[in-house]
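Let me begin by presenting the structure, written as structure tokens, before commenting on it.
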Amino acid sequence: MKLLFAATECAPFFKTGGLGDVLGALPKELAKQGHEVRVVLPYFVQQMPEKFKEQLEDVTNFTVKVGWRNVYCGIKQLNKDQVTYYFIDNLYYFDRESLYGFEDEAERFAFFQLAAIEMLEKIDYIPEIFHVNDWQTAVIPVLLKDKYHWINKFEQIRTVLTIHNLMFQGVYDQVVLDDLFGIGYNAFHEQGLKYYNDVSFLKGGIYYSDLVTTVSPTYAQEIQTPEFGMGLEEDLQRISGKLVGLLNGIDYDTYNPEEDETIPATFSSKDLTGKAIDKAALQEQVGLPVDDKMALIGVVTRLDEQKGIQLIIDSLDELMTYREVQIVLLGTGKPYFEEAFRYFTEKYPDQFKGIIDFDVKLAQLIYAGCDMFLMPSEFEPCGLSQMNSMRYGTLPIVHEVGGLADTVIPYHHVTGEGTGFSFYDFDVYTMMNTIDHALTIFYDYPKQWQNLIQQAMEKDYSWESAAEAYIEQYEKLAVDS
């Protein structure tokens, strides 16, 4: 099939979270399976590594009308892993110190979406499936049906919108319809872009795309409820017939304990000798006493309420005082959370290390060297860290929501089945009980612990199997067209 992805993040070029990981892995896997795959991205000049900038080729340039503005658009191209990547070049919009966080976000991403569509004829590539991601590209399905419907070549394009995180919706004043997109009010209605008196980029995509996917089956159900729907639950209920949850995978080339060159020792589910070496190396690197017998819990996260950080903070004094445990936490985020973890690092120097940094190599060592991985997210569309940790035999302790519920099989003491531990009620008491349960198995039932490690490592969360679910959906759309 001819596939085109549009997104604002894609590893290894630039990413801030899970969206970048997905776009870095899914197109590559689809291409490996024989499909023609291309990806269009903004050219974030300051964020792209120099080695990739050197590989860019100029394809063409043209002018895009952003409302009343005539805006330069350059197209650069790079081929990697059988995927063709296009980068929309405009220094005014995309040569900035970060990917997001500017007052003109609506204008920046309106330009990007218009350019991504108008690029198609210029590069002579008309996809069968145009797969857009999150609010920054969600108006593309609207534009194809409303603004560009007269272009015959576009008639057979089917659109897919993936919601990676419903929290971010792109809500702006209705003036953007004319001022940025150059369209009237045809799509400004309750089953379109209208969100109260404003425009919601994401809501428009939800109604106008041919298929809406989320990144786990449980999250697809959750977002149809008031608790998780972020104000769009009734809209998502209305389109539930075209809403599916497809679980993300992880990149098995990057996360491979048997071949990972970033960790001191490699290992497998059959031979965990290297894992003990990695644990000692991690303890030594972060300044914790080296002790193979001591339970070591890892956390790699964004320091934000969504990630359940307050639960961790509220439990730390009890954990450090009354439990035999070490904790290493890596992440950046809200300043008050960062400060709290600095405080605990000073208070419990032999048990807790909070490293306020973004360090990919250290994250790999935490996945490989810890015994457990704590991930108490309040909500989690999919989550990748719990799958990364299981790949390295580090058993996750998670809140039973979204993709965490779909990927972590809670330990069953009678059958021995499981790949980790989970809790349902989102409170400190319940989380602590679950941690205690995990510590009990770790210390008192070593044989069962080893079985859990093996079961976790042997679960298949590769993109190879995840991609097949996407292909099945794409083929249904193509048949329906």
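Each step along the sequence shown adds one to the number in numbering that gives the first Met the number 0, with nothing skipped, and position 455 is 454. Positions of the beta carbon are idealized from the N, C-alpha and C atoms, including for glycine. These numbers come from a predicted model, not from an experiment.
Q: Quick one: give me the first and last residue of the alpha helix (DSSP H) that T406 is part of.
A: Taking the first residue of the sequence shown as position 1, residue 406 is located at position 407. Taken as a continuous stretch (DSSP letters only), the alpha helix (DSSP H) holding T406 covers G401 to T406.
Q. According to the neighbour-count rule (16 or more other Cβ atoms, all chains shown, within 10 Å of its Cβ), is V174 buried or exposed?
A. Here residue 174 refers to the residue found at position 175 of the sequence shown. V174 is exposed by the Cβ-count criterion.
(Q) Any contact between the stretch 453 to 466 and the stretch 105 to 119? By contact I mean 3 or more CB pairs, one from each, below 8 Å. (A) no
Q) So, H329 versus A362, is the Cβ gap smaller than 8 Å? A) As a position in the sequence shown, residue 329 is number 330, starting the count at 1. As a position in the sequence shown, residue 362 is number 363, starting the count at 1. Note on identity: in this sequence residue 329 is Leu, with His being the wrong assignment. In contact: L329 and A362 (Cβ atoms closer than 8 Å).
Q) Are the beta-carbon atoms belonging to M389 and M456 less than 8 Å from one another? A) What you label residue 389 is simply residue 390 of the sequence shown in a count that begins at 1. What you label residue 456 is simply residue 457 of the sequence shown in a count that begins at 1. A contact, by the Cβ cut-off of 8 Å.
Q: Give the single residue among D145, G17 and R157 whose Cα lies nearest to the Cα of L3.
A: As a first step, residue 3 is located in the sequence shown; it is residue number 4 there, counting from the start. If we check each option's Cα against that of L3, R157 comes out closest.
Q | Exposure label - F422; buried when at least 16 CB within 10 Å | A | Translated into positions along the sequence shown, residue 422 becomes position 423. Label assigned to F422: buried.
Q) What did DSSP end up calling M495 once you bin it into helix, strand or coil? A) The question about residue 495 has no answer, for the chain in this structure spans 0 to 480.
Q: Leaving out five residues on either side along the sequence, give the residues of the same chain with a beta carbon under 7 Å from the beta carbon of E258.
A: The count along the sequence shown starts at 1 and reaches residue 258 at position 259. Excluding residues within five positions, the ones whose Cβ falls inside 7 Å are T265.
Q | Short Cβ contact (8 Å threshold) for Q168 with L142 | A | In the sequence shown, counting from the first residue as 1, residue 168 sits at position 169. In the sequence shown, counting from the first residue as 1, residue 142 sits at position 143. No, the Cβ-Cβ distance between Q168 and L142 is not below 8 Å.
Q: Jot down the residue ranges of each uninterrupted beta strand (DSSP E) in the stretch 54 to 123, minimum 3 residues, whole runs only, in chain order.
A: 56 to 65, 68 to 79 and 82 to 88
(Q) Output needed for M0: all residues of its chain with C-beta closer than 8 Å, excluding positions within five of it in sequence on either side, in chain order. (A) Along the sequence shown, read from residue 1 onward, the residue named residue 0 stands at position 1. Closer than 8 Å at Cβ, skipping near neighbours: H34, E35, E127, I128, I470, Y473, E474 and A477.
(Q) Pairs of beta-carbons, one from the stretch 269 to 283 and one from the stretch 363 to 379, closer than 8 Å: are there three or more? (A) yes
Q. CA-CA distance, L438 and F86?
A. Here residue 438 refers to the residue found at position 439 when the sequence shown is read from its first residue. Here residue 86 refers to the residue found at position 87 when the sequence shown is read from its first residue. Going from the Cα of L438 to the Cα of F86 covers about 48 Å.
Q | Pairwise C-alpha distance: W67 and K274 | A | Counting from one through the sequence shown, the residue named residue 274 turns up at place 275. Counting from one through the sequence shown, the residue named residue 67 turns up at place 68. Approximately 60 Å, taken between the alpha carbons.
Q) By a C-beta neighbour count over all protein chains shown, 10 Å radius and 16 as the cutoff for buried, is M374 buried or exposed? A) By 1-based counting over the sequence shown, the position of residue 374 is 375. Its Cβ being crowded by 16 or more others within 10 Å, M374 is buried.
Q) Looking at C-beta atoms only, is the number of pairs between the stretch 347 to 357 and the stretch 285 to 297 that lie closer than 8 Å three or more? A) yes
Q. Closest to I222 by CA distance: which of R237, S208 and Q385 is it?
A. Indexing the sequence shown from 1 puts residue 222 at position 223. Looking at the Cα atoms, R237 is the closest of the given residues.
Q | F441 vs A294 beta-carbon contact at 8 Å | A | The residue labelled residue 441 in the question sits at position 442 within the sequence shown. The residue labelled residue 294 in the question sits at position 295 within the sequence shown. Cβ distance < 8 Å, so F441 and A294 count as in contact.
Q | F547 - partner residues in DSSP beta bridges | A | In the structure displayed, the chain extends from 0 to 480; residue 547 sits before or after that span and is not available.
Q) By Cβ distance, which residues of its chain are closer than 7 Å to S314, with the 5 residues on each side in sequence left out? A) For the purposes of this step, residue 314 is taken as the residue at position 315 of the sequence shown. If we look at S314 and ignore the five residues flanking it on each side, its Cβ neighbours are V427, M430 and M431.
Q: Could I get the ranges of all uninterrupted alpha helix (DSSP H) runs contained in the stretch 258 to 332, with 4 residues as the minimum, in chain order?
A: 272 to 285 and 308 to 321
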